[in-house]
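In terms of the working numbering, the sequence shown is residues 5 to 206. Here the structure is laid out as structure tokens; the discussion comes afterwards.
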Amino acid sequence: CVIDRKVREAALDDAQLASMQSLTALAVRILEGRQRDARLTDYLGIASDWIWEQDDQFRFTYLSRSASDNGIRIGDFLGKSRWDAACGNGESAQFWADHRRALEAHEPFRDLRFRWFDGDRERIYSISGRPVSSQDGTFLGYRGSARDVSDEELARREVEYMAHHDPLTGLANRTAFEQRVADAFRRWEEEGSASTLFLLDI
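Written out as structure tokens, the structure is:
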């Protein structure tokens, strides 16, 4: 029935029927798995976000194809940690040291933003990830997603600049002044320092 073209006259016994049902279920699972894999590959190929995975030493083992469409050279990251590949390119060593401490504590993270210079172009990426463990609780690494938020971040910076600067002169406006004075007084109060505000009307 499985490999022969001849019709068998004898009916299948219960054990043979069970084997056939088992084989059929296995074939269906394999076909469904291939369809799922093909759909996932299609989604990853057209998504603007990209998927990444790291091992238990925080080295990249996988980045989806979309990463290269967003200024990431995949070969520069595979086999390296995020801080080894990106440190000195936009963010300080302290920024990455803080991120590394969070990963070593196996903490999930969301919307961690960092700068990356793709030649002369500044890009801002947002990354999110969570730790992955085996069934026995062994830490295996991290899995997550990332996206390019450069346009969004640059628009936010422009709005923030406009809110705190005079459009004609580019000088800090009253809102910026009040915010800086409030920050200074709060800092001096925490330090127990004496403070004076001197206003000169021109």
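For each residue, glycine too, the CB sits at the ideal point set by N, CA and C.
Check: Tell me which residues share the same chain as T179 and place their Cβ nearer than 7 Å to its Cβ, disregarding the 5 neighbours each side in the sequence.; Outcome: A167, H168
Check: According to DSSP, simplified to helix, strand and coil, what is R151?; Outcome: strand
Check: Of the residues A101, D102, P112, D73, which one's Cα is nearest the Cα of R151?; Outcome: D73
Check: What first and last residue would you give for the beta strand (DSSP E) that runs through V185?; Outcome: Per DSSP, V185 belongs to no beta strand (DSSP E); it is in the alpha helix (DSSP H), 178 to 195.
Check: Output the boundary residues of the alpha helix (DSSP H) element that contains G133.; Outcome: Taken as a continuous stretch (DSSP letters only), G133 belongs to no alpha helix (DSSP H), being part of the beta strand (DSSP E) at 125 to 137.
Check: Quick check: the Cα distance between D155 and A29, rounded to an integer number of angstroms?; Outcome: 49 Å
Check: Please check the pair D59 and G145, which I expect to be a contact at CB under 8 Å, by giving their CB distance rounded to whole angstroms.; Outcome: 4 Å
Check: So D122 packs on G75, CB below 8 Å; how close in whole Å?; Outcome: 4 Å
Check: Note down the Cα distance separating I131 from E164, rounded to an integer number of angstroms.; Outcome: 23 Å
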